[in-house]
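Read through the structure below, which is laid out as structure tokens, and then see the notes.
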Amino acid sequence: MTATQLPPQTTGAQQTGRGPVRTSGPAPVLDVVVPVHNEERDLEPCVRRLHAHLREHFPYRFRITVADNASTDGTWAVAEGLAAELPGVRAVRLALKGRGRALHQTWLGSDAEVLAYMDVDLSTDLNALSPLVAPLISGHSDVAIGSRLARGARVVRGPKRELISRAYNLLLRGTLAVRFSDAQCGFKAIRADVARALLPHVADTGWFFDTELLVLAQRAGSRIHEVPVDWVDDPDSRVDIVSTALADLRGIARLARGLATGRLPIARLRAQLGRDPISADPPGVPSGLLRQVVRFAAVGVVSTLAYLLLYVLLRGQVGPQGANLVALLVTAVGNTAANRRLTFGVRGAEGAAKHQFQGLLVFVLGLGLTSGSLALLHGLSDPGRLTEVVVLVAANLLATVLRFLLLRGWVFRRADEPELEVTQ
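Here it is, written out as structure tokens:
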């Protein structure tokens, strides 16, 4: 099959990240592209091994696409022979070189729901293939990458390539603020609907294609899943490190310029591909509870520190019970005022006196817990100040939980919420 004979792209994939892809029907679920240029020796064992692995371990329909990038040796003849012999293998010939060009053309021409690619040298252990594509099939993620730099990866390669790889990814973090760990591992997958949206905006046709695609995916709000891989460097790799590095630097500059000038339609891509924000008020959880807990905790930390400071300052003058009473009273007034405004969003003077009165009743509960703890402690032993402080902190933690429940369910209860119920 020639490049001009690729099947037309489909538009029936589900909205990205919103559910699992279709796994029934005549079209393959997964299309793995193997880009090659003058690889007549390595191509056949690679495709046979990949085909056997997919047939044994992948439960859905699959396709292997050999993308011959203008080879001048016997690569195309090998590709045609494999396509004729092995079911689910096709061969596509392109007139021009470039891994990015090959992936751009074969991915956009595929009718599969999930698109992947891997290098012909099979440096990456194929056992990582299912973990790579599973999150895309399920709808959990939009793009998946094999990572040689993620925790858990096992890599065998020389110090020169290791240094270059880490330096490149550090450069990407510093210049393009990327969050993924390994941009150039030749082992990636993407949902077809995401690819159709992003690929028209990926300009590079060579090795920088991967980085450009991932940066656009991240900026568009897509979820990128990383799989730690077992990876063994191919000693016969023909990649020209110097020219590739220079091309990558030019690509970084071009991409940064496109992002800075607004030439790349990030806002439109984010509206199209970005995942819906997580609701601040999940179903089944009372409205605003998560936000209120966080703010109440922050107010509580400040109140507790103020309470402990006052207690330590006053204890030598009025004794432990007197210091506890004054410190609690002062901080209770401040705590109620702060929670009224910051935690529960009550503004204005209306109802402030009532709220403070109810807050003082809640304060009595805290006083009872802390004073009772002190009385019990002194009744059992003659504790030092550090022991007193530890016991008071524990009692205050319990009082804080009860205070939140009472403030939310009684003092600052909204009219549209049910009253606090006490189960007998």
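Under my numbering, the first residue of the sequence shown carries the number 51, and numbering increases by one thereafter.
Just so you know, even glycine gets a beta-carbon here, dropped at the ideal spot from N, CA and C.
Subject >> Residue range of the unbroken beta strand (DSSP E) whose run includes W126 >> reply: Note, W126: premise wrong, no beta strand (DSSP E); alpha helix (DSSP H) at T125 to E135.
Subject >> DSSP bridge partner residues for H275 (one or two, in chain order) >> reply: A194
Subject >> Top-ranked residue by Cα proximity to L392, from R341, L375 and V414 >> reply: L392 has its Cα closest to that of R341, out of R341, L375 and V414.
Subject >> Whole-Å CB distance - A77 paired with L165, under 8 Å assumed >> reply: Not confirmed; about 12 Å, so no contact.
Original post:
Under three-state DSSP, which class holds L146?
Top reply: coil
Subject >> alpha helix (DSSP H) segment containing A242, residue limits >> reply: A242 to L248
Original post:
DSSP on L430, reduced to helix/strand/coil?
Top reply: Helix, per DSSP.
Original post:
Taking the continuous alpha helix (DSSP H) assigned at L456, which residues delimit it?
Top reply: Per DSSP, L456 is one residue of the alpha helix (DSSP H) stretching across R435 to L456.
**OP:** Determine the direct distance from the alpha carbon of R198 to that of A178, and round the result to whole angstroms.
**Re:** 12 Å
Original post:
Looking at C-beta atoms only, is the number of pairs between the segment 131-139 and the segment 202-215 that lie closer than 8 Å three or more?
Top reply: Segment contact: the segment 131-139 against the segment 202-215, fewer than three CB-CB distances shorter than 8 Å; contact not assigned.
Original post:
For the candidate residues R140, V116, R325 and A141, whose alpha-carbon lies nearest to that of R273?
Top reply: R325
Subject >> Residue ranges of each beta strand (DSSP E) within the segment 91-120, 3 or longer >> reply: 112-119
**OP:** Have a look at the DSSP bridge pairing and note the partners of T393.
**Re:** Per DSSP, none; premise fails for T393.
Original post:
Buried or exposed: which applies to D298, given that a residue is buried once 16 or more other Cβ atoms fall within 10 Å of its Cβ?
Top reply: buried
Original post:
With 16 as the cutoff for other CB atoms within 10 Å, does V440 come out buried or exposed?
Top reply: exposed
Original post:
At which residues does the beta strand (DSSP E) containing T204 begin and terminate?
Top reply: At residue 204 the sequence reads Arg, which differs from the Thr that was named. Taken as a continuous stretch (DSSP letters only), the beta strand (DSSP E) holding R204 covers R204 to V206.
Subject >> Beta-carbon gap between E89 and T125 smaller than 9 Å >> reply: yes
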